[in-house]
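Enquirer: For the sequence shown, full-length UniProt numbering begins at 1 and goes up steadily by one. For every residue, glycine included, the Cβ atom is placed at its ideal position computed from N, Cα and C. Remember, predicted model here, so these are calculated numbers, not experimental data.
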Amino acid sequence: MAHPAPAVKLENVSKVIDRKPILNKIDLEVPAGQIYGLIGRNGSGKTMLLRLISGFVFPTEGRVLVFNQEVGKNGTFPQDVGIIIETPGFLGEYSGFKNLKLLASMRGIINDDEIRQTLKEVGLDPADKKPVRKYSLGMRQCLGIAQSIMERPKLLLLDEPTNGLDTEGVEMLHRLLSDLRENGVTILLASHYMEEIAKLCDRVFRVEKGQLTEVG
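1) Smallest Cα separation from residue 208: which of 192, 62, 151?
2) Pick out the complete beta strand (DSSP E) segments inside the segment 72-138, 3 residues or longer, and give them in chain order.
3) Have a look at residue 168 and residue 65 and give me their C-alpha separation to the nearest angstrom.
4) For residue 32 and residue 96, I'd like the C-alpha separation in whole angstroms.
5) Relative to the alpha-carbon of residue 194, which residue among 39, 171, 107, 82 has its alpha-carbon at the smallest distance?
6) Write down the C-beta distance between residue 108 and residue 141 rounded to the nearest angstrom, noting that I regard them as a contact closer than 8 angstroms.
7) Quick check on the burial criterion: 16 or more other C-beta atoms within 10 angstroms. Buried or exposed for residue 213?
8) Ignore the nearest five residues each way along the sequence and tell me which others in residue 158's own chain have a CB closer than 6 angstroms to its CB.
9) For residue 191, which three-state DSSP category applies?
10) Look up residue 16 in the DSSP assignment and say whether it is helix, strand or coil.
11) For residue 145, I'd like the list of residues in its chain whose CB is within less than 7 angstroms of its CB, leaving aside the five on either flank, ordered along the chain.
12) Beta strand (DSSP E) containing residue 152: first to last residue?
13) Could you spell out the range, first to last residue, of the alpha helix (DSSP H) harbouring residue 170?
14) Please determine, among 171, 203, 143, the residue with the shortest C-alpha to C-alpha distance to residue 88.
15) In whole angstroms, what is the alpha-carbon distance linking residue 105 and residue 171?
16) What are the boundary residues of the alpha helix (DSSP H) that includes residue 47?
17) Applying the criterion that 16 or more other CB atoms from any shown protein chain within 10 Å of the CB defines a buried residue, is residue 111 buried or exposed?
18) Would you kindly report the start and end of the unbroken beta strand (DSSP E) that includes residue 221?
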């Protein structure tokens with residue numbers, strides 16, 4: 001019996017920038033519906049790994065496949081992917097709801113009620129008219145999380161998603177990610193801290209000196 005294709009597959013992936021190797025011959029398979037963790041220091045390459053999977057950048061060598069399609073080949077980019085890789089950027093003069101509504105209008109696959117429900121899931125009030133420029137760092141991070149999940153992606157790529165979150169926010173995120181996994185969503189989660197992701201992840205890998213090593 002054939003095994004289902006992994007949600008994410010990296011084959012001999014290397015990335016070189018300005019003659020500096022960032023990642024070196026990485027192989028990784030992430031089964032659908034699991035949470036994989038990436039730990040490493042700043043500059044270790046873990047963010048680059050997520051950027052390669054998202055299609056923001058392409059490998060110098062090797063292949064990246066998402067849902068069995070090669071990223072970048074014939075103009076193919078990952079679909080059904082939610083992403084937090086850099087500090088979420090929003091229009092500061094608009095409310096959180098209006099920001100998400102503008103973003104959702106680009107694809108037109110969710111309605112206002114679904115946006116409101118997503119905001120509630122991350123602990124934000126959809127009726128709050130406060131402009132995003134007055135949000136705390138934690139509120140902006142929650143809004144970024146809402147943006148990444150609002151269209152119900154099959155794959156979620158999260159780089160340091162707990163930045164700015166208080167204890168309650170971290171607990172909310174952990175519950176949310178566990179629920180998403182139960183519903184078959186595949187998640188790659190990058191962090192500095194082993195303790196943060198060990199509770200959540202099915203497997204954990206350290207990114208160091210361009211290499212990937214399983215540590216949990």
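Expert: From the atom records:
1) Here residue 208 refers to the residue found at position 208 of the sequence shown. Per the Cα distances, 192.
2) Taking only runs of at least 3 residues, the beta strand (DSSP E) segments lying wholly in the segment 72-138 are 81-84.
3) For the purposes of this step, residue 168 is taken as residue 168 along the sequence shown, with counting starting at 1. For the purposes of this step, residue 65 is taken as residue 65 along the sequence shown, with counting starting at 1. Roughly 35 angstroms between the two C-alpha positions.
4) On the sequence shown, residue 32 is found 32 positions in, with the first residue counted as 1. On the sequence shown, residue 96 is found 96 positions in, with the first residue counted as 1. Their Cα atoms are separated by approximately 31 angstroms.
5) The residue you call residue 194 lines up with position 194 of the sequence shown. Comparing Cα positions, the closest option is 39.
6) Within the sequence shown, numbered from 1, the residue matching residue 108 stands at position 108. Within the sequence shown, numbered from 1, the residue matching residue 141 stands at position 141. That belief does not hold up - the Cβ atoms of residue 108 and residue 141 are roughly 26 angstroms apart, past 8 angstroms.
7) Taking the first residue of the sequence shown as position 1, residue 213 is located at position 213. Exposed.
8) By 1-based counting over the sequence shown, the position of residue 158 is 158. Cβ neighbours of residue 158 beyond the five flanking positions: 84, 189.
9) Here residue 191 refers to the residue found at position 191 when the sequence shown is read from its first residue. Strand at residue 191.
10) Position 16 of the sequence shown, counted from the first residue, corresponds to residue 16. Here residue 16 sits in strand by DSSP.
11) In the sequence shown, residue 145 corresponds to position 145, counting from 1. Within the same chain, residue 145 has close Cβ partners 84, 122, 161, 173.
12) Here residue 152 refers to the residue found at position 152 when the sequence shown is read from its first residue. Taken as a continuous stretch (DSSP letters only), residue 152 belongs to no beta strand (DSSP E), as it is neither H nor E.
13) Along the sequence shown, read from residue 1 onward, the residue named residue 170 stands at position 170. Taken as a continuous stretch (DSSP letters only), the alpha helix (DSSP H) holding residue 170 covers 167-182.
14) As a first step, residue 88 must be located in the sequence shown, where it is residue number 88. Cα-wise, what sits closest to residue 88 is 143.
15) On the sequence shown, residue 105 is found 105 positions in, with the first residue counted as 1. On the sequence shown, residue 171 is found 171 positions in, with the first residue counted as 1. C-alpha separation (whole angstroms): 30 angstroms.
16) Residue mapping note: residue 47 aligns to position 47 of the sequence shown, counting from 1. Element bounds for residue 47: 46-54.
17) Here residue 111 corresponds to residue number 111 of the sequence shown, with the count starting at 1. Classification for residue 111: exposed.
18) It is not possible to answer for residue 221, since the shown part of the chain is limited to 1 through 216.
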